[in-house]
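Peer 1: Please read through the structure below; I'll follow up with questions.
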Amino acid sequence: SREPRNGDGKVSYDFERDGILFRLIGRADLCEENRITLSKISHATTEGQRKSELTQCRAEGFIIGKMLADIHGYSEIELTLNITRSADGYVNETNEVVTCRSLDEFFNKCTDAIMIYAEPEIHRVSERLPSMKAAKFPYESVREGQLDFIKHSYKTLAGGGTLFACAPTGTGKTVSVIYPAIKALGNGKCDKVFYLTPKATTANAAKECIELFTERGVKARAIILTSKEKSCPHRLVCREDPSACEMAKCNRIADATIAAYNTEKSVITINDIREIATRYTVCPHELELSYSELCDIVICDVNYLFDPSVYIRRFFTEGGNYAFLIDEAHNLPERGREMYSAEMSLSSIDTLLSSEVIGAVSPLREFLPSLKDELHDILLPYVKNEMRKNERGEDIGGTHLSYVPSEVYSIMARLSTALDSEERAAIMSRDNERKERIKVIKDLSYQVKKVCSALDFFDTGYRMFIFIKNNEITFKLYCIDTGKRMQQCINKGKGTIFFSATLSPLEYYRTMLSDNRRADIIEAASPFDPSQLSVSIMDKISTRYSERARTLPSICRVIAATLSAKRGHYLVFAPSFEYAEALYREFSTKYPRVQAMLQTKDMTAAEKSDFLARFSENENEYLVGFSVMGGIYSEGIDLTGNTLIGAIIIGIGIPTLSYERE
């Protein structure tokens, strides 16, 4: 068909090239004969971003123009672009007349670029999806409680909705969600699966599970996404100066993406990405994102869906027919509070003004001091009566409100506008201090924009905290109930499964992670015989902070007594790194014949892996690992069989008291 399909401003038609049928879909806000008008809202803050937005908008106009010219036989197209700046409402209008020859040349270049990706798509439909449809459970038998979990998971992913699943360690949670997800893909119930996790250890578990299915004939493609900071070999110099990094242009990103696809690996990791990115001189992070579009399953951090600062825009700006599998979901409420909260110290304004790179005639020097004083005078009365002296003799105080004083909204809007204006001026300047000035402005601008975002969402699920210390005021917009904002994110997909071994009480997590009080809940039974578990409590030794040094020898004797019951590998969990190190040193001195290891605060990825790998060696020898509660080894690790036979938990894993936590 070469007839346009119109509806809600959309136009489309089909065309063929090299035996492959394409459907072209676009959107025009106004099409009147051979005249096209496109309107966009610009959120750009730099000149480079504005040029990029204009280029993309113009390209869309060319493509829609090509469609209309072909359908109606026009010899030329009149194109109007309206770009409205979100910051101040300014409308930049451009007009041009484009000939059919120019439209054809541009369209052919676009088609050449798309043709590169045609083969993977054909392979997906003809081979990958049928193999997923035929997938079988990869083990001989299903564990107790697992079958119910699998059935509920498939129902959620195929039909849509949200499932909260609490399944004890050993149930086989990873395969219980990946297997139904693969079947949902194969049966056309979803287009892409996102396996979201807060920890690298659980990402590796998902990788191993997908590779297991691959061994059994499933041809799924997956990638483990990493952050730009971890993937970049040049320490993100492009953020300061794009020309300083030879990989920043990404001219060969399509070739690199196909090279990654042609490795035929079921799961591409950062090591594969770095090697290919170096070979093709492209940005590793951009290559990751580009390859993820070809994948069936994307394994990534929960931030990439839920964090408004770093979510993957190519997938989650509009959303799609996606399945979300969210592992270790009990960590998400705290993560969500960090993502959706924002704070700002008034002293950060002084930090910007004290910078020598802010010129003497800068409007900020006149504007910011009075704005800071205005904000200080509004907030001080709320906290003034709560002030007291701490142990160091400092004047401190704190209070919280269920609302934001109305004046704060207008002040932050004015501050944001002023910083945007100053940043634009800095970008246009050409003096030697330009880069440093942009950086200083951006540091404060980032805080202000996060505060403005929180102000937009402030409701009964938020509280405003105001703190004072030696007359310096800090305010914080603290998200207590994350459910509404989490729901907005999972609405970007079709079906979502939140799962964990410790998702209890389920009703609490259903409230904190969604806005759907009727979302399904399932609690799987443990597959293990309760008689295999021995729990002992020693409540005669104090672990209070003030008494830890005195009781170290006693606790080490308890650890030794626990080990003496059965030779093997144990993990000791302490409330802090400092306490874990003190126990490690005391224990190693008293029992030098027992192998001991210590988890440190700044371990590299290799050191973390080596720590875990030690547990797979010499299972009949004594080995004690000293770790921290809530750390990377406290959950999400698979030490099966006799690789780990006991855990010793010292003290209580309750965070330090604070105004917010109280």
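Numbering (our numbering), first residue to last: 430 to 1091.
In this text, a Cβ means the ideal position worked out from N, Cα and C, and glycines have one as well.
Being a predicted model, the structure only gives us computed values, none of them experimental.
#1: In the DSSP assignment, find the alpha helix (DSSP H) that holds Asp885 and state where it starts and stops.
#2: Could you tell me the distance, in whole angstroms, from the CA atom of His829 to the CA atom of Ala789?
#3: Tell me the DSSP secondary structure of Tyr720 in three-state form.
#4: Rounded to whole angstroms, what is the Cα-Cα separation between Ala1076 and Pro1004?
#5: Could you give the DSSP three-state label for Gln1028: helix, strand or coil?
#6: Rounded to a whole number of angstroms, what is the C-alpha to C-alpha distance between Tyr751 and Val696?
#7: What does the Cβ neighbour count give for Asn760, buried or exposed, with the cut at 16 atoms within 10 Å?
#8: Quick one: what does DSSP say Lys565 is sitting in, helix, strand or coil?
#9: Return the first residue and the last residue of the alpha helix (DSSP H) that Thr466 is part of.
#10: Which residue's Cα is closest to the Cα of Pro627: Lys878, Cys729, Arg452, Phe578?
#11: Can you tell me whether Glu432 is buried or exposed? The criterion is at least 16 other CB atoms within 10 Å of its CB, across all chains shown.
#12: Which word fits Gln961, buried or exposed, when buried means at least 16 other C-beta atoms lie within 10 angstroms of its C-beta?
#13: Can you find the residues in the same chain that come closer than 7 Å, C-beta to C-beta, to Arg1022, ignoring five residues on each side of it along the sequence?
#14: To which residues of the same chain is Pro671 closer than 6 Å at the C-beta, ignoring the five residues directly before and after it?
#15: Just to confirm the assignment: which complete alpha helix (DSSP H) runs, minimum length 4, are found wholly within the region 907-968?
#16: Residues in its own chain within less than 7 Å of Asn1071 by CB, not counting five upstream and five downstream?
#17: Measure the alpha-carbon distance for Leu1027 versus Glu1007 and round it to whole angstroms.
#18: Based on Cα-Cα distance, which residue from Asn463, Cys460, Leu483 lies nearest to Ile470?
#19: Considering only the beta carbon of each residue, do Asn899 and Glu823 sit closer than 8 Å?
#20: Given a cut-off of 8 Å, decide if Ala953 and Thr600 are closer than it, judged by their beta-carbon atoms.
#21: Nearest to Ala847 by CA position, among Ile867, Pro792, Leu884, Ile1078, is which residue?
#22: For Ser774, report the span of its beta strand (DSSP E) as first-last.
#23: Answer yes or no: do Phe566 and Val527 have a C-beta to C-beta separation smaller than 8 Å?
#24: Would you grab the beta carbon distance between Gly590 and Gly912 for me? Rounded to a whole angstrom, and I think it's under 8 Å.
#25: Gly826 to Val666, Cα distance in whole Å?
#26: Using a 10 Å radius around the Cβ and a threshold of 16 neighbouring Cβ atoms, would you call Glu717 buried or exposed?
#27: Can you check whether the CB of Pro609 is closer than 8 Å to the CB of Leu586?
#28: Terminal residues of the continuous alpha helix (DSSP H) containing Phe1016?
#29: Which of the three DSSP states, helix, strand or coil, is assigned to Gly646?
#30: Just to confirm, are Thr466 and Asn521 a CB contact at a threshold of 8 Å?
#31: Under 8 Å Cβ to Cβ from Asn819, same chain only, skipping five residues before and after it: list those, please.
#32: Using the Cβ count rule (16 or more neighbours within 10 Å means buried), how would you classify Ser555?
#33: So, using beta-carbon positions, are Phe904 and Glu772 closer together than 8 Å?
#34: Assuming Ser560 and Cys529 are in contact, meaning their beta carbons sit under 8 Å apart, how far apart are those beta carbons, in whole angstroms?
#35: Cα-Cα, which of Lys1030, Ser955, Asp910, Glu757 is closest to Arg1090?
#36: Determine the burial state of Lys921: buried for a count of at least 16 other Cβ atoms within 10 Å of its Cβ, exposed for fewer.
Peer 2: Quick look at the numbers:
#1: 863-886
#2: 38 Å
#3: helix
#4: 14 Å
#5: coil
#6: 19 Å
#7: buried
#8: coil
#9: First-last for Thr466: 464-471, but that is the beta strand (DSSP E), not the alpha helix (DSSP H).
#10: Cys729
#11: Because Glu432 carries a pLDDT of 42, less than 50, the predicted location of this residue cannot be relied on, and the following value inherits that uncertainty. So Glu432 ends up on the exposed side.
#12: exposed
#13: none
#14: Ala677
#15: 912-919, 935-942
#16: Gly997, Glu1048
#17: 11 Å
#18: Leu483
#19: yes
#20: yes
#21: Pro792
#22: 771-774
#23: no
#24: Incorrect: roughly 16 Å between the Cβ atoms, too far for contact.
#25: 41 Å
#26: buried
#27: yes
#28: 1006-1019
#29: coil
#30: no
#31: Ile825
#32: exposed
#33: yes
#34: Wrong, their Cβ atoms sit about 44 Å apart, outside the cutoff.
#35: Asp910
#36: buried
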